Amino acid sequence: MNEKIMLLILSAVIGGIIGGFISSYFMWKVQIKYNNRNIAQGFYLEISSLEKMIELFANAFDTPGPGTGMAKIDQPFYIYSDGLFFTFRKEISGFNRDLSKSLFEFYTYLLTAEKDRRIPNSNVFFKQANDEMKSSIKKAYNLLPKLKELLKKEFS
């Protein structure tokens, strides 16, 4: 009789522990899902706010005339200290493969353009940097539709 009571108590304790772990695991997964959804929505808003400026420069660089030669741009493409990319860089890897890859590519192009934009006209590498800046902005611009669609899927 004593053995049956001990077995029942042990079963209840083990069941409680297993149930607690399972419950905690599912709550953790739900929390990650909502966290990723909110981060994706933030990236969507940031990218949408950058889109007009990127589009303006990408189109200007393609149009014959003033935008096709050397371009000295004073306005930053992306401000390092204020951007979500640096705040949530680690969390990007929690998204699906396509979205993570697209986000890293987009911001790599944008940051490359920003780095090249800062090179002064007097620098020997200004022309090369200028061409790379234009190319990077165009590549970032071409990624925008796919990136916005992937972000929408993530937070919908």
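Numbering (my numbering), first residue to last: 3 to 158. We put the beta carbon where it would ideally sit given N, CA and C, even for glycine. From a predicted model like this one, the values you see are computed outputs, not experimental measurements.
Residue range of the alpha helix (DSSP H) that residue i falls in?
i, result
"Asn123", "Counting along the chain, Asn123 falls outside any alpha helix (DSSP H), and DSSP gives it neither H nor E."
"Arg39", "4-64"
"Phe88", "86-89"
Would you check if the distance between the CB atom of residue i and the CB atom of residue j is smaller than 8 Å?
i, j, result
"Ala42", "Leu113", "no"
"Leu1", "Gly22", "Residue coverage of the chain in this structure runs from 3 to 158, which leaves residue 1 outside it and unanswerable."
"Phe97", "Glu156", "yes"
"Ala115", "Ser83", "no"
"Lys150", "Ile49", "yes"
"Asn123", "Lys54", "no"
"Arg119", "Phe79", "yes"
Here's the rule I'm using: 16 or more other beta-carbon atoms within 10 Å means buried, otherwise exposed. How should residue i be labelled?
i, result
"Ile16", "exposed"
"Arg91", "exposed"
"Asp100", "exposed"
"Lys31", "exposed"
"Asn132", "buried"
"Leu105", "buried"
"Leu9", "exposed"
Taking residue i and residue j to be in contact with their CB atoms under 8 Å, please state how far apart those CB atoms are, rounded to whole angstroms.
i, j, result
"Ala142", "Tyr111", "4 Å"
"Lys140", "Ala60", "5 Å"
"Met72", "Lys129", "7 Å"
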